[in-house]
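Undergrad:
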Amino acid sequence: MFSFSISTSSKESLYSDLLTALKELLSGESDPIANMANVTALLWEYVPDLTWVGFYRAVRSYLVLGPFQGKVACAKISYGLGVCGTAAATGRVQCVRDVHTFPGHIACDPSASSELVIPVRGKSGQLIAVIDLESANLGRFDKADVDGCVRLMTEIGPYLE
Ligand code: SME
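Below you can see the structure in the form of structure tokens.
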């Protein structure tokens, strides 16, 4: 059984504790899919108000659904399409306050209102995946979430390839 010490008293402490827990958890395992699965499980358990969290892996010319928590989702997304495909094509974080205003947003789960997608890079800086966090709350993700998740993905990216 695993036990983690995660403080949810502030977003800063939440993401800092998640980083400590994830580094410990992932450093003992070399399989990227197993590690992605545990990342989604931990975020799903501790990050409040999510309707979906998961990876889309960069496989040839598509993003392909990877480990996730939440409802069934579309299996493949072309680069440039939707929030995830835009993050992959531009290499830039997409923090979307209201997904209904995002051109080409792909609504796998109709309850989602806001979305945060972070490109995930491997050891040599190449794109290996994006992580997608979704919430039913409008404007759920702010700068503290962006900074916290970017730091998480920067530090754990090498364990996910
Ligand atoms: N909303 C995402 C698609 C993935 S899912 O909804 C899980 C997008 O617009 O890229």
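For the sequence shown, the UniProt record's numbering gives the first residue as 1, with consecutive numbering after it. The beta carbon of each residue, even a glycine, is placed where N, CA and C say it ideally should be.
Between L18 and chain C, is any beta-carbon pair separated by less than 8 Å?
TA: Considering every chain present, this structure includes no chain C. It has just one protein chain.
Undergrad: In three-state terms, what does DSSP make of Y77?
TA: Position 77 of the sequence shown, counting from 1, holds the residue named residue 77. Per the sequence shown, the amino acid found at residue 77 is Ile instead of Tyr. I77 falls in the strand class under three-state DSSP.
Undergrad: Provide the residue(s) that pair with A129 in DSSP beta bridges, ordered along the chain.
TA: Your numbering for residue 129 matches position 129 in the sequence shown. Answer by DSSP bridge pairing, in chain order: R57 and V120.
Undergrad: Quick one: Cα of I33 to Cα of H100, how far?
TA: Counted from its first residue, the sequence shown places residue 33 at position 33. Counted from its first residue, the sequence shown places residue 100 at position 100. Their backbone Cα atoms lie some 31 Å apart in a straight line.
Undergrad: Using a Cβ-Cβ cut-off of 6 Å (strictly less than) and excluding sequence neighbours within five positions of F4, which residues of its own chain qualify?
TA: In the sequence shown, the residue the question calls residue 4 occupies position 4. The answer, listed in chain order, is A21.
Undergrad: Pop quiz: E115 and L50 are said to be a contact at Cβ under 8 Å. What is the actual Cβ separation, rounded to whole angstroms?
TA: One-based indexing of the sequence shown puts residue 115 at position 115. One-based indexing of the sequence shown puts residue 50 at position 50. 10 Å between Cβ atoms; not a contact.
Undergrad: Using a Cβ-Cβ cutoff of less than 8 Å, which residues in the same chain neighbour V83 once the five nearest sequence positions on both sides are dropped?
TA: Here residue 83 is taken as the residue at index 83 of the sequence shown, counted from 1. The residues are Q94, V96, V99, F102, H105, I106, E115, V117 and D132.
Undergrad: Does the beta carbon of H105 fall short of 7 Å from some heavy atom of the ligand SME?
TA: In the sequence shown, residue 105 corresponds to position 105, counting from 1. For the ligand SME, at least one heavy atom lies less than 7 Å from the Cβ of H105.
Undergrad: Taking the CB atoms as reference points, tell me whether S78 and Y56 lie closer together than 8 Å.
TA: Indexing the sequence shown from 1 puts residue 78 at position 78. Indexing the sequence shown from 1 puts residue 56 at position 56. No, the pair does not count as a contact, with Cβ atoms beyond the cut-off.
Undergrad: Using a Cβ-based criterion (distance less than 7 Å to any ligand heavy atom), does G91 qualify as near the ligand SAM?
TA: Absent from the structure shown: the ligand SAM. Ligands present: the ligand SME.
Undergrad: Classify C149 as helix, strand or coil using the three-state DSSP reduction.
TA: As a position in the sequence shown, residue 149 is number 149, starting the count at 1. Residue state, collapsed to three classes: helix.
Undergrad: What residue range is occupied by the uninterrupted beta strand (DSSP E) comprising G66?
TA: Counting from 1 along the sequence shown, the entry for residue 66 is found at position 66. It spans Y62 to G70 - the beta strand (DSSP E) in which G66 sits, taken as one unbroken run.
Undergrad: Determine whether the beta carbon atoms of L65 and I156 lie at a separation below 8 Å.
TA: The residue given as residue 65 occupies position 65 in the sequence shown. The residue given as residue 156 occupies position 156 in the sequence shown. No, they are not a contact pair.
Undergrad: What residue from G54, L138, A41 and G80 has the CA that sits closest to L18's CA?
TA: For the purposes of this step, residue 18 is taken as residue 18 along the sequence shown, with counting starting at 1. Here the closest residue by C-alpha is A41.
Undergrad: Would you say E12 touches the ligand SME, meaning its beta carbon is less than 7 Å from a heavy atom?
TA: Along the sequence shown, read from residue 1 onward, the residue named residue 12 stands at position 12. Incorrect: E12 has no Cβ contact closer than 7 Å to the ligand SME.
Undergrad: Alpha carbon to alpha carbon, how far is S10 from V47?
TA: For the purposes of this step, residue 10 is taken as residue 10 along the sequence shown, with counting starting at 1. For the purposes of this step, residue 47 is taken as residue 47 along the sequence shown, with counting starting at 1. S10 and V47: Cα-Cα distance of roughly 11 Å.
Undergrad: Rounded to the nearest angstrom, what separates A112 and V120 at their Cα positions?
TA: If you number the sequence shown from 1, residue 112 lands on position 112. If you number the sequence shown from 1, residue 120 lands on position 120. C-alpha separation (whole angstroms): 22 Å.
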